[in-house]
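Going by the numbering used here, the first residue of the sequence shown is number 1, and it counts up by one from there. Heads up, the beta-carbon is just placed ideally off N, CA and C, and yes, glycines get one too. Remember, it's a predicted structure, so these values are computed and weren't measured experimentally.
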Amino acid sequence: MKPFTFTHQLLRFPARRVAEISGLSIPTQRSWRRRGFLPPLEDSRHFRADVFDLAMLMVAEAIADKLPVREAVDIAGFCAQRVAVRALMHPRCWEGGTDAAFLETLQSQAMRASAARYGKQGRVLPAQHFILWADGSEVWHHSVSRAVASAKPEQLAGPTLWLDLDRMGDALAERGAPFVVVEREAA
1 MKPFTFTHQL LRFPARRVAE ISGLSIPTQR SWRRRGFLPP LEDSRHFRAD VFDLAMLMVA
61 EAIADKLPVR EAVDIAGFCA QRVAVRALMH PRCWEGGTDA AFLETLQSQA MRASAARYGK
121 QGRVLPAQHF ILWADGSEVW HHSVSRAVAS AKPEQLAGPT LWLDLDRMGD ALAERGAPFV
181 VVEREAA
């Protein structure tokens, strides 16, 4: 049996589909872009988003009513990698990647897609939970109960924002799969 590798191409979605998947309306996308919260349009003048962009927009939309938009977009940028990689753990997010060999390597394929997008720092994912404490400090943690147990009183003295990035990734996978086209190549 010949060894093989997989190559992948991230699918890119237009603004209408982005709105359906992320929940961020087209007028809000335009407003945020005009106000400098999102990158400017590419030369094509038509917005196209891949799974990592969708993850960022989904998180930003979820928290934009709780924080200033700039802060929500910044936080969403950090969270997007974990959310997108979690979404890519679902086989339905990969078009053409349904054979047993591919499914056995699904986690490594998701990490390869992340590393291709984020470079070397893409190999380390943020923790599952992002918590913005009442005092404005933030923490990434794998356990909310442990994070709360180790929090200082001033961190707990008011509203706290908590995001479960894995659940958001699962929701993203359900909303818009597939996100990637994969091909098997002989080595």
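Roughly how many angstroms separate the alpha carbons of residue 111 and residue 139, rounded to a whole number?
For this step, residue 111 is matched to residue 111 along the sequence shown. For this step, residue 139 is matched to residue 139 along the sequence shown. So the alpha carbons of these two residues sit roughly 23 Å apart.
Residue from 119, 156 and 15 with nearest C-alpha to residue 135
Translated into the one-based positions of the sequence shown, residue 135 becomes position 135. Checking every option, the nearest Cα to that of residue 135 belongs to 156.
Among residues of its own chain, excluding the 5 on either side of residue 24, which ones have a beta-carbon nearer than 6 Å to its beta-carbon?
By one-based count along the sequence shown, residue 24 stands at place 24. Excluding sequence neighbours, residue 24 sits near 57 and 61.
Can you pull the DSSP bridge partners for residue 48?
In the sequence shown, residue 48 corresponds to position 48, counting from 1. Beta-bridge pairing links residue 48 to 14.
Can you round the beta-carbon distance between residue 180 and residue 9 to whole angstroms, since I take them to be within the 8 Å contact cut?
As a working mapping, residue 180 is identified with position 180 in the sequence shown. As a working mapping, residue 9 is identified with position 9 in the sequence shown. About 7 Å separates the two Cβ atoms, so the contact holds.
Member of 182, 175 and 164 whose CA lies at the smallest distance from the CA of residue 81
Residue mapping note: residue 81 aligns to position 81 of the sequence shown, counting from 1. Checked all of 182, 175 and 164; the closest Cα to residue 81 is 164.
Tell me whether residue 107 is buried or exposed, calling it buried when 16 or more other Cβ atoms sit within 10 Å of its Cβ.
Your numbering for residue 107 matches position 107 in the sequence shown. Taking all protein chains shown into account, residue 107 has fewer than 16 neighbouring C-beta atoms within 10 Å of its C-beta and is therefore exposed.
Beta-bridge partners of residue 105, as assigned by DSSP:
Position 105 of the sequence shown, counting from 1, holds the residue named residue 105. According to DSSP, residue 105 bridges with nothing at all.
On the DSSP letters alone, give me the boundaries of the beta strand (DSSP E) that residue 130 sits inside.
Indexing the sequence shown from 1 puts residue 130 at position 130. Counting along the chain, the beta strand (DSSP E) containing residue 130 begins and ends at 129-132.
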